[in-house]
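The structure appears below as structure tokens.
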Ligand code: FES
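Numbering (the UniProt record's numbering), first residue to last: 26 to 173.
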């Protein structure tokens with residue numbers, strides 16, 4: 026039932042941006058893998074982060090509905106060029122608004138917000154592991170953002 030899909034959903038669904046995969050073992054790659062229990066859809070969003078904490082590239086693979094694919098496509102575009110702290114402020118409601126998602130499809134955009142947060146958490150964890158002396162930095166901020 027495509028009839029209510031906004032043109033932005035159709036655009037991102039038919040021409041998804043940044044589909045692909047980075048090697049999740051790369052130290053500069055953060056991987057967020059999240060699923061929606063309600064429908065079983067799965068989204069993987071990855072970010073490549075430079076030394077300064079800026080996202081230089083992003084890609085996704087989504088097994089799910091058109092809204093989830095469009096939401097992840099938008100998310101990869103929105104995170105590029107921003108810092109890993111900054112992207113934690115991206116809300117699913119902004120993505121849903123951009124795509125004009127109806128209430129029944131809000132959880133699809135929620136997946137994208139969760140995937141961004143999970144990818145940032147992953148890169149923090151990797152960096153903490155690589156440099157034990159700065160371990161845990163940023164975790165409180167992430168927890169606060171996740172709880173908000
Ligand atoms: Fe589940 Fe869209 S229907 S992510």
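Just so it is clear, CB atoms sit at the ideal spot from N, CA and C, and this is done for glycine as well. These numbers were taken from a predicted model, which means no experiment stands behind them.
{"Query": "With DSSP collapsed to three states, give me the class of residue 105.", "Result": "coil"}
{"Query": "Mark residue 156 as exposed unless 16 or more other C-beta atoms lie within 10 angstroms of its C-beta, in which case mark it buried.", "Result": "exposed"}
{"Query": "Where residue 134 and residue 154 are concerned, what is the direct C-alpha to C-alpha distance, given to the nearest angstrom?", "Result": "31 Å"}
{"Query": "For residue 69, name the three-state secondary structure that DSSP assigns.", "Result": "strand"}
{"Query": "Using the three-state DSSP reduction, which class does residue 115 fall into: helix, strand or coil?", "Result": "coil"}
{"Query": "Can you list, in chain order, every residue whose CB sits closer than 7 Å to a heavy atom of the ligand FES?", "Result": "61, 63, 64, 66, 89, 90, 92, 93, 130, 132, 133 and 136"}
{"Query": "For the segment 81-91 against the segment 116-127, are there 3 or more C-beta pairs whose distance is under 8 Å?", "Result": "no"}
{"Query": "Let's test the definition: count the other Cβ atoms within 10 Å of the Cβ of residue 138 and tell me whether it reaches 16, buried, or not, exposed.", "Result": "buried"}
{"Query": "Assuming contact is defined by CB atoms lying nearer than 9 Å, are residue 35 and residue 91 in contact in what I supplied?", "Result": "yes"}
{"Query": "Between residue 112 and residue 80, how many whole angstroms is the CB-CB distance? I'm expecting something under 8 Å.", "Result": "7 Å"}
{"Query": "Would you say the segment 39-56 touches the segment 101-110, given that touching needs at least three Cβ pairs under 8 Å?", "Result": "yes"}
{"Query": "Within a Cβ cutoff of 8 Å, which residues of the same chain sit near residue 31, ignoring the five residues on either side of it in sequence?", "Result": "124, 125 and 126"}
{"Query": "Rounded to the nearest angstrom, what separates residue 52 and residue 108 at their Cα positions?", "Result": "17 Å"}
{"Query": "Quick one: give me the first and last residue of the beta strand (DSSP E) that residue 83 is part of.", "Result": "80-88"}
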